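Student:
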Amino acid sequence: MGTMERYTKVGMQELDQRLAKIVEAARKQPVSVYRYGAPWVWIVSQDDWQGALREVASCVPPGHSLALLKPRIEALLEAHQPALALLAEQQGMIIAPCTLMHVLLLQLLYSVPSEKQLYEQLNYNLLFRWFAGLELKSRVWNFSLFSHDLGVLLSSAMAVSLLQRMVDEVLGASLQAMPEFSLNLALLHSWLARHQGQPATSDNH
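Numbering (numbering that gives the first Met the number 0), first residue to last: 0 to 204.
1. So the candidates are 110, 188, 12 and 178; which of them puts its Cα closest to the Cα of residue 32?
2. Put residue 110 into one of helix, strand or coil per three-state DSSP.
3. Could you tell me whether the region 117 to 124 touches the region 58 to 71, where touching means 3 or more Cβ pairs closer than 8 Å?
4. Residue 3 to residue 148, Cα distance in whole Å?
5. Here's the rule I'm using: 16 or more other beta-carbon atoms within 10 Å means buried, otherwise exposed. How should residue 93 be labelled?
6. Would you call the CB atoms of residue 194 and residue 166 closer than 7 Å?
7. Look at the alpha carbon of residue 100 and the alpha carbon of residue 162, and state the distance between them as a whole number of angstroms.
8. Helix, strand or coil for residue 0 per DSSP?
9. For the region 176 to 189 against the region 71 to 81, do three or more pairs of beta-carbon atoms, one drawn from each stretch, fall closer than 8 Å, so that the two count as touching?
10. When the Cα of residue 186 is compared with those of 27, 23 and 103, which residue comes out closest?
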């Protein structure tokens, strides 16, 4: 078995012949299995795998603006959880509405121009995945479902008003000190314009 600094490399034939020993070796260090001369799969221990799942959060510095904002965003969403849950139930949403509210806020903060590009960012961008609550192993929903459930939120005066509150109350003047964001206020205003003259919630707040 050839060894490298941090992992072991084996071929398919060797894997077939020595599976039990290779799996045992993987408890100590990850094993890379090659097929036709190219990396194919990894065999890793439970501890290594759990460590990998924590890597998304570890990639976000504690002082990053999103890390500082997230607790306040989540507190605001928690206060409106019953209304969001009712909307999700009534409209047949599959994706958790609070998750998608995080996603829509990301679209505003980073001026992501389209749903398709927003979807791609959730597949590949570790920062976006962390903020939306997706783990390293989590598969992103299919695009048609993603687009449908986003549309449900954007068709709700209550949800769009809540996005505006996130921007106004949580971000507010702090944006001046957060140059990594390029807030797309025009996009937010276009969402709000759909609901002009409609109450944001049942109590008109």
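Just so you know, even glycine gets a beta-carbon here, dropped at the ideal spot from N, CA and C. Predicted, not measured: the structure shown is a model, and the values here were computed from it.
Tutor: Taking the structure as given:
1. For this step, residue 32 is matched to residue 33 along the sequence shown. The shortest Cα separation from residue 32 among 110, 188, 12 and 178 belongs to 12.
2. Translated into the one-based positions of the sequence shown, residue 110 becomes position 111. Of the three classes helix, strand and coil, the one that applies to residue 110 here is coil, per DSSP.
3. no
4. For the purposes of this step, residue 3 is identified with residue 4 of the sequence shown, where counting begins at 1. For the purposes of this step, residue 148 is identified with residue 149 of the sequence shown, where counting begins at 1. The predicted model places residue 3 with a pLDDT of 39, which falls under 50 and marks its position as unreliable; any figure quoted below should be read in that light. Going by the C-alpha atoms only, they are around 46 Å apart.
5. Reading the sequence shown from its first residue, position 94 is the one you call residue 93. Result: exposed.
6. Looking up residue 194 in the sequence shown gives position 195. Looking up residue 166 in the sequence shown gives position 167. The answer is no: Cβ separation not under 7 Å.
7. For the purposes of this step, residue 100 is identified with residue 101 of the sequence shown, where counting begins at 1. For the purposes of this step, residue 162 is identified with residue 163 of the sequence shown, where counting begins at 1. Approximately 7 Å between the Cα atoms of the pair.
8. What you label residue 0 is simply residue 1 of the sequence shown in a count that begins at 1. Annotation note: pLDDT 42 at residue 0 (below 50); position unreliable, coordinate value reported separately. Residue 0: coil per DSSP, three-state reduction.
9. no
10. The residue labelled residue 186 in the question sits at position 187 within the sequence shown. Ranking the options by Cα distance to residue 186, first place goes to 103.
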